[in-house]
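In this note's numbering, the protein residues as written are 1067 to 1375. The C-beta atom is built at its ideal place from N, Cα and C for all residues, glycine as well. Being a predicted model, the structure only gives us computed values, none of them experimental. These notes concern the structure reproduced below.
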């Protein structure tokens, strides 16, 4: 499993849940829970079969030959039948999170400007707090994860409203860009052309640390008034006539896209390991966090490019 990327997937709780070894079997125990061929189970009389509850019942008591044959022909239980995580679980829960997020964004876009700004601040602070809670919570909580999605919707809706008023059209462009990057990364991952190899992971971590350092320095300089432009150093510093924020934005989008690859890798490994079904909520939460990051970076880059026109 890819580690060192999204802290939601690389955290102790998710790793322990998805890498738990199978329950040990007693010495000499048949792994399929049945007696060897040609032998009767303990206390089993000839002509008896085991029912779905593990109890022996007589084939001569109410079961015809056709019924027995139908019983033997039934397909084996799949992951969903035994409470294991599946791709369908992750897709449905991720769609639910994104649906709640869209509702929150729509509310922030529809209310008066002042209320929308308050919702954006509430979403930013509350979303960060719930992100921390959900990341370090031992068991996933659907209610808290959906609450996080709603708050992030408030934040993204308020942010989009402000930037779209300044640069009309950047909101829909950011949505299309986010969906496009997500689709491309998913196709590349499924094709096997892009994988989270250790070598690429090292580069990712170095770039991510560098980006985080720049973001903290930029935030500090904006808060202290050292720079007064809307995006701080991103627009006040230019390289060959191009705002620094363009280069930083492209790097950040690349990091977010590769973070999606690592998320897909972690989800694939969790499903292969037979992770409990409830952790599909953790997977949905992790994907939502990465998509929020990706959207913010794309709309910021678009705003910087429009502001430089």
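Reduced DSSP secondary structure (H/G/I, E/B, other) of residue i
i: residue 1309; result: strand
i: residue 1261; result: coil
i: residue 1206; result: coil
i: residue 1233; result: coil
i: residue 1073; result: helix
i: residue 1322; result: helix
Contacts around residue i, its chain only, beta-carbon distance under 7 Å, and the 5 residues preceding and following it disregarded
i: residue 1197; result: 1214, 1355
i: residue 1273; result: 1317, 1321
i: residue 1346; result: 1151, 1155, 1156, 1159
Per DSSP, the bridge partner or partners of residue i
i: residue 1342; result: 1150
i: residue 1304; result: 1309
Local Cβ density within 10 Å of residue i, reported as buried at 16 or more and exposed below that
i: residue 1211; result: buried
i: residue 1358; result: buried
i: residue 1361; result: buried
i: residue 1263; result: exposed
i: residue 1201; result: buried
i: residue 1257; result: exposed
i: residue 1341; result: buried
i: residue 1291; result: exposed
i: residue 1191; result: exposed
i: residue 1289; result: exposed
Contact under 8 Å by Cβ, residue i with residue j
i: residue 1270; j: residue 1321; result: yes
i: residue 1243; j: residue 1226; result: no
i: residue 1232; j: residue 1369; result: yes
i: residue 1252; j: residue 1330; result: yes
i: residue 1367; j: residue 1312; result: yes
i: residue 1349; j: residue 1365; result: no
i: residue 1189; j: residue 1218; result: yes
i: residue 1308; j: residue 1153; result: no
i: residue 1389; j: residue 1161; result: In the structure as shown, the chain starts at 1067 and stops at 1375, and residue 1389 therefore has no counterpart that could be examined.
Same chain, Cβ closer than 6 Å to residue i, five either side skipped, listed in chain order
i: residue 1185; result: 1174, 1220, 1224
Any chain C beta carbon closer than 8 Å to residue i
i: residue 1242; result: The structure shown contains no chain C, having only a single protein chain.
Same chain, Cβ closer than 8 Å to residue i, neighbours up to 5 away in sequence not counted
i: residue 1206; result: 1200, 1344, 1345, 1347, 1348, 1351
i: residue 1074; result: 1080, 1200, 1201, 1348, 1351, 1352, 1355
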